[in-house]
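Undergrad:
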DNA sequence: ATGAAAGCGCTAACAG
DNA sequence: CTGTTAGCGCTTTCAT
């Protein structure tokens, strides 16, 4: 009823009105007087185009979906925020979907987004490989993986230099004289845990000759998992001197038990983790954080997706972003 | 092209196919054999309805927008997550918009959501009153305010019992013998800051007879603001004994300076704040946290919105949810 | 129990 | 420079 209303007011046709309203007046050399009348009527009637109708007609929604596993995690909060800003800069809106680390939700949202005819999907997947229905959906809509990725896939992805970062942090810990060093991981088959453990193991094996398996735990990416792993570790290996946590939440979960332990034993435990970022200032303890470059991760992911959307040949579509090591309260 | 494809395969008409596919087969007493053929063809062709077309036709998108000020804040992360779950339970999707505490973005997103024909909007506003263009937009789409609200508005809202919670926390601090107690607020004209300060002042004045204004600061809701306020407070009133922070981020920003101060002065400062939640376990310090009931806040907000969407008479549409006081590392 | 046809609001040939 | 018209994919009277 809306262009129609302007038509009723001004007497111009659908096409002319549509042209003026979507900024194509110049291209069609619409007369100034006509433009003015149309724009005036539009303003007066408070005209707003119906995006649904436009999208249906153009087969383009100017919307992309972002699927993350845990929006309560400030890491994903920042990632989502940055991606949204980048997308908005390019004229796209974002629909944010939160799977809460539940694999079934991943399929649900993927379908939802495809049904909504989004122009593309960014996903930090929970699952460890392309599942069946994903294969089908992906044929319709460009998908880019970010942060968490599948090891072997033709899909474009962008992730951090996880192996290198974990190795560097571990070497730093070893360089400070700690020997009994543990790793608290997420689900063992996930890319992030595998990559970070790989770097950790490399540094330990190359420095100490061997890795003591009783120092390696893996359970999940949540604070709850971190807490449980740490309690178990301190119980089974009370001689532990340092620990590397696979992500921020595992670190946050582990801190409590470590604090208690230190009080009882009067001996500090060195802690390190990924993406502690700002939250390092809450703690009085020394710590090392490998902070991913979220700005770059977001920018690259959006870049890859928009390229894919524009139908670009998938050239260099696998990107790895360096990680920055930050030392807190350390000499 | 999609119902059309099934039509081509089965020979049935648009109407019959549409009826079967949208579960109205019983109502129209479509014969079993027909249903089977249609469903079989749909499955084979991997049919998915075009939501855009359906929404355009039905004038209903089954989507609501949520506008928050800072999605990097785990508080809003949890709020968004809970609201999304509740909405999903009722069959709605959610578009999440992040204003980053920038007022202009608020208007931008409000327009965007209205243009997208969302069925309703939930918003935790930055601004302190209904601004002009909001008035217009709101005529088209139901809006419910959550957490941050406007003091005097006919719009439905749900918020926490902020005055009472702040008062209770302050009395608890005073009851523990602290006298020189400060308040770190957000922007002074915002509802949350006003309400929490009101409770704080009431407890202080009733207990001590008067409130020393040099213990009251207000700047913003970010960690940066919290840090700056705390540094200034410790500089100007180094005799301060306790501090109540208006929200979690202000608390997080304030912790660093307080830690340093305590080390220098060998005297502890009691800290309290809102919605510290899980993050309390990161810190070794005693603290008091007034934790909002996010589950209930989310549930109520969604309830009010769906009622408004259903066109219910706006009966009791202003809800206040109790807050829980949590003591950490305190006798 | 099924079909024909109109219309949601918009854009883009095509026509002048 | 402007207008006519078809059609995006779906739902829904109104017929039969």
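Protein chains in written order, with the numbering used here: chain B, -12 to 318; chain R, -12 to 318. For each residue, glycine too, the CB sits at the ideal point set by N, CA and C. Being a predicted model, the structure only gives us computed values, none of them experimental.
1) If the cut is a Cβ gap below 8 Å, which residues of chain B does residue 39 (chain R) touch?
2) If we require 3 or more residues per run, which beta strand (DSSP E) segments fall completely within the segment 4 to 28 of chain B?
3) Evaluate residue 279 (chain R) with the Cβ neighbour count: other Cβ atoms within 10 Å of its Cβ, from every protein chain shown; 16 or more gives buried, anything less gives exposed.
4) How would you list, in chain order, the residues of chain R whose beta-carbon sits under 9 Å from the beta-carbon of residue 28 (chain B)?
5) When you compare only the Cα positions, how much space is there between residue 244 (chain B) and residue 251 (chain B)?
6) Is it a yes or a no for the segment 261 to 272 of chain B touching the segment 265 to 277 of chain R, going by three-plus beta-carbon pairs under 8 Å?
7) Just confirm the distance between the C-beta atoms of residue 213 (chain B) and residue 232 (chain B), as a whole number of angstroms; I'd bet it's less than 8 Å.
8) Quick one: which chain B residues come within Cβ less than 9 Å of residue 65 (chain R)?
9) Can you give me the C-alpha to C-alpha distance between residue 61 (chain B) and residue 91 (chain R), rounded to a whole angstrom?
10) Where in the segment 230 to 275 of chain R do unbroken runs of the alpha helix (DSSP H), each at least 4 residues long, occur, reported from the N-terminal end onward?
11) Throw me the rounded Cβ distance for the residue 135 (chain B) and residue 177 (chain B) pair, which I believe falls under 8 Å.
12) Am I right that residue 49 (chain B) and residue 78 (chain B) are in contact with their C-beta atoms under 8 Å? What's the rounded C-beta distance?
13) For the segment 65 to 109 of chain R, which segments carrying the beta strand (DSSP E) assignment without a break, of at least 3 residues, lie completely within its bounds, in sequence order?
14) Using Cβ-Cβ distances below 7 Å, what residues of the segment 228 to 248 of chain B are close to chain R?
15) Cβ of residue 285 (chain R) within 8 Å of Cβ of residue 73 (chain R)?
16) If you measure beta-carbon to beta-carbon, which residues of the segment 62 to 86 of chain B are closer than 7 Å to chain R?
17) Do you know offhand how far residue 168 (chain B)'s Cα is from residue 246 (chain B)'s?
18) I'd like the list of long-range same chain contacts for residue 180 (chain B), defined as Cβ closer than 8 Å, with 5 residues on each side in sequence excluded.
19) According to DSSP, which residues form a beta bridge with residue 168 (chain B)?
20) Does the beta-carbon distance from residue 53 (chain R) to residue 8 (chain R) come in below 8 Å?
21) Bridge partners of residue 131 (chain R), per DSSP?
22) Please report the distance separating the alpha-carbon of residue 287 (chain B) from that of residue 125 (chain B).
23) Based on DSSP bridge pairs, tell me the residues matched to residue 44 (chain R).
24) Note the first and the last residue of the continuous alpha helix (DSSP H) segment covering residue 150 (chain B).
25) Can you give the Cα-Cα distance for residue 102 (chain B) and residue 105 (chain R), rounded to whole angstroms?
26) Where in the segment 189 to 223 of chain R do unbroken runs of the alpha helix (DSSP H), each at least 4 residues long, occur, reported from the N-terminal end onward?
27) Per DSSP, what kind of secondary structure is residue 58 (chain B) in: helix, strand or coil?
28) Give every residue of the same chain whose Cβ lies closer than 6 Å to the Cβ of residue 239 (chain B), excluding the five residues on either side of it in the sequence, and list them in chain order.
29) Work out the CA separation of residue 115 (chain B) and residue 66 (chain R) for me, nearest whole Å.
30) Does the CB of residue 121 (chain R) have a neighbour CB from chain B at under 8 Å?
31) Quick one: residues in its chain with C-beta nearer than 6 Å to the C-beta of residue 316 (chain R), no 5 flanking neighbours on either side, listed in chain order?
32) With a threshold of 8 Å between beta carbons, is residue 273 (chain R) in contact with chain B?
33) Is residue 259 (chain R) close to chain B? Criterion is C-beta to C-beta, closer than 8 Å.
34) Which residues bound the beta strand (DSSP E) around residue 311 (chain R)?
35) Along chain B, in chain order, which residues have C-beta atoms closer than 8 Å to that of residue 129 (chain R)?
36) Give a yes or no on whether the C-beta atoms belonging to residue 159 (chain R) and residue 312 (chain R) are separated by under 8 Å.
TA: Considering the structure as presented:
1) Near residue 39 (chain R) (Cβ distances below 8 Å), the residues of chain B are 39, 42, 43, 48, 103 and 104.
2) Fully enclosed beta strand (DSSP E) runs of no fewer than 3 residues are not present anywhere in the segment 4 to 28 of chain B.
3) Per the 10 Å Cβ criterion, buried.
4) Chain-ordered listing is empty here: chain R has no CB closer than 9 Å to the CB of residue 28 (chain B), the nearest sitting near 17 Å.
5) Approximately 11 Å between the Cα atoms of the pair.
6) Between the segment 261 to 272 of chain B and the segment 265 to 277 of chain R there are three or more inter-stretch CB-CB distances shorter than 8 Å, so the stretches are counted as touching.
7) Right, the Cβ-Cβ distance comes to about 6 Å (below 8 Å), so this counts as a contact.
8) Within chain B, the residues near residue 65 (chain R) are 58 and 59.
9) Rounded to whole angstroms, residue 61 (chain B) to residue 91 (chain R) spans 24 Å at the Cα level.
10) Within the segment 230 to 275 of chain R, the alpha helix (DSSP H) runs of at least 4 residues that lie entirely inside it are, in chain order, 235 to 252.
11) Between residue 177 (chain B) and residue 135 (chain B) the Cβ distance is about 7 Å, and since that is below 8 Å, they are a contact.
12) Yes, they are in contact, since the Cβ atoms of residue 49 (chain B) and residue 78 (chain B) sit about 6 Å apart, within 8 Å.
13) Counting only runs of 3 or more, we get 80 to 85.
14) Result list: 239, 242, 243 and 246.
15) Taking 8 Å as the Cβ cut-off, residue 285 (chain R) and residue 73 (chain R) qualify as a contacting pair.
16) Those residues of the segment 62 to 86 of chain B that come within reach of chain R (Cβ to Cβ, closer than 7 Å) are 64, 65, 67, 68, 71, 80, 82, 83 and 85.
17) Roughly 17 Å between the two C-alpha positions.
18) Its chain contains 172, 173, 174, 205 and 233 as the residues whose beta carbon lies nearer than 8 Å to that of residue 180 (chain B), once the 5 sequence neighbours on both sides are disregarded; these appear in chain order.
19) Bridge partners of residue 168 (chain B): B:229.
20) It is not a contact, given that the beta carbons lie outside the stated cut-off.
21) Partner(s): R:109.
22) Going from the Cα of residue 287 (chain B) to the Cα of residue 125 (chain B) covers about 20 Å.
23) Partner(s): none; residue 44 (chain R) has no beta bridge.
24) Membership of residue 150 (chain B) in the alpha helix (DSSP H) is indicated by the continuous run 149 to 162.
25) Going by the C-alpha atoms only, they are around 16 Å apart.
26) With a minimum length of 4 residues, the continuous alpha helix (DSSP H) runs that stay inside the segment 189 to 223 of chain R are 210 to 223.
27) Looking at residue 58 (chain B) - three-state DSSP - the assignment turns out to be coil, as it is neither helix nor strand.
28) Within the same chain, and ignoring the five residues on either side of residue 239 (chain B) in sequence, the residues whose Cβ sits closer than 6 Å to its Cβ are 210.
29) If you draw a straight line from the Cα of residue 66 (chain R) to the Cα of residue 115 (chain B), it is about 28 Å long.
30) Not one chain B Cβ lies under 8 Å of residue 121 (chain R).
31) Excluding its 5 nearest sequence neighbours in each direction, residue 316 (chain R) has C-beta neighbours in its own chain below 6 Å: 273, listed in chain order.
32) For residue 273 (chain R), not one C-beta of chain B is nearer than 8 Å to its own C-beta.
33) So, not an interface residue.
34) Counting along the chain, the beta strand (DSSP E) containing residue 311 (chain R) begins and ends at 311 to 315.
35) For a Cβ distance threshold of 8 Å, nothing in chain B lies close to residue 129 (chain R): the least Cβ distance comes to about 17 Å.
36) Yes, they are a contact pair.
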